[in-house]
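Student: Its first residue numbered 9, the sequence shown is counted upward by one per residue in my numbering.
In this text, a Cβ means the ideal position worked out from N, Cα and C, and glycines have one as well.
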Amino acid sequence: MKKIPVRAIGSRGSASTAAVDFRIRDLREITLGKERVEDFHRHDFYYILVLEKGKGHHEIDFVSYPIANHTVFLVVPGQVHRLTLGAGSTGYLLQFQAAFMQRNSSRALLRRAGYTTFHPLDAAGFKKISFPLQQMLEEYTAKQEGYEDVVQASFDIFFVALARHREASGDRSVYTHPHERLATFQDLLRQHIGMYKQVAEYADLLHISSYQLNALTRTLLNKTASEVIQDFVVMEAKRCLLGTTHQVKEIAFRLGYDDVSYFIRFFKKQTGCTPEAFRQSFK
9 MKKIPVRAIG SRGSASTAAV DFRIRDLREI TLGKERVEDF HRHDFYYILV LEKGKGHHEI
69 DFVSYPIANH TVFLVVPGQV HRLTLGAGST GYLLQFQAAF MQRNSSRALL RRAGYTTFHP
129 LDAAGFKKIS FPLQQMLEEY TAKQEGYEDV VQASFDIFFV ALARHREASG DRSVYTHPHE
189 RLATFQDLLR QHIGMYKQVA EYADLLHISS YQLNALTRTL LNKTASEVIQ DFVVMEAKRC
249 LLGTTHQVKE IAFRLGYDDV SYFIRFFKKQ TGCTPEAFRQ SFK
């Protein structure tokens, strides 16, 4: 199976190889009014697709979302996605590295707004996020003195508006410290999943009890902490199966399983098929 490519900012349709921390583009310049189809790939940067007008579908980590007017998609580094974007779609594409978020407030806002991948908005909600996006695009394009400060401020305003809309309509729970702690738990999973599989181990890293971690995930995700860990292992296994040519035993070892037979049984129990059958289904 062909390995899923990892793209850097500017790697598609650009001759530039210079390091870029941030970029915003008008979708019309990318699509030229035509349909755009992208096969499975992943990024080493954050990718936000903002659609004023659009149709098609966007599959992110094997979950398909409908593309419609006034929708926003946030894809974090490492996620696998593919895109079918209908002709005539309009909006913006933001791409940025973690280094772009220099201020702690920016990182907190990203977590607050980006807690979900798919953000459907109404016309009024979209209008509120459009202003900072347009300002970002104008400043980024003109690059006049001090434009970086305006871009950073507009970036924060965009995420505030997006988070407010999510909290008011899509998710009525107020973003508080528990969400931040959950995001930290998810960060720890990304860092340590090859070493740690037990709830108690992650609870120790978070300086809370296993009971508190379970209460956190049950409240915010309606899952036990153990289920969250298992889901993450399965997702990482799927990414490796589709994104590399490694044998199943190599993937099992990378994820911390010395016994490949146990890993295969675990994967089949969670997904209904063996790792190799999952890989073959995408050929």
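1. What residue range does the beta strand (DSSP E) around Val173 cover?
2. Select from Phe126, Arg31, Ile17 the residue whose C-alpha is nearest the C-alpha of Arg50.
3. Out of His200, Glu146, Leu229, which has the shortest C-alpha to C-alpha gap to Phe294?
4. Taking DSSP as the reference, what is the three-state secondary structure of Gln288?
5. Please return the same chain residues whose Cβ sits closer than 7 Å to the Cβ of Lys276, not counting the five positions on each side in sequence.
6. Assign Gln87 to one of three DSSP states: helix, strand, or coil.
7. To which residues of the same chain is Thr98 closer than 7 Å at the C-beta, ignoring the five residues directly before and after it?
8. In whole angstroms, what is the alpha-carbon distance linking Gly280 and Ala260?
9. Measure the alpha-carbon distance for Ala262 versus Glu175 and round it to whole angstroms.
10. My output table needs one value for Leu129: the three-state DSSP class, helix, strand or coil.
11. Per DSSP, what kind of secondary structure is Leu249 in: helix, strand or coil?
12. Spatial neighbours of Arg33 within its chain, please: CB distance less than 6 Å, with the 5 preceding and 5 following residues excluded, ordered by chain position.
13. Within the continuous alpha helix (DSSP H) that includes Thr279, where are the two ends?
14. By the DSSP assignment, the beta strand (DSSP E) with Ile75 in it spans what residues?
15. Could you work out which residue in Leu197, Val168, Arg226 is closest to Leu214 when comparing CA atoms only?
Tutor: According to the data block:
1. Rather than Val, the amino acid found at residue 173 in this sequence is His. It is not in any beta strand (DSSP E) - His173 instead sits in the alpha helix (DSSP H) that spans 155-173.
2. Ile17
3. A query on residue 294 cannot be resolved here, the shown segment of the chain reaching from 9 to 291 and no further.
4. helix
5. Thr282
6. coil
7. Leu35, Arg36, Glu60, Lys61
8. 17 Å
9. It should be noted that the sequence gives Arg, not Ala, for residue 262. Taking the straight line joining both Cα atoms gives about 37 Å.
10. coil
11. helix
12. Leu101
13. 268-279
14. 71-75
15. Leu197
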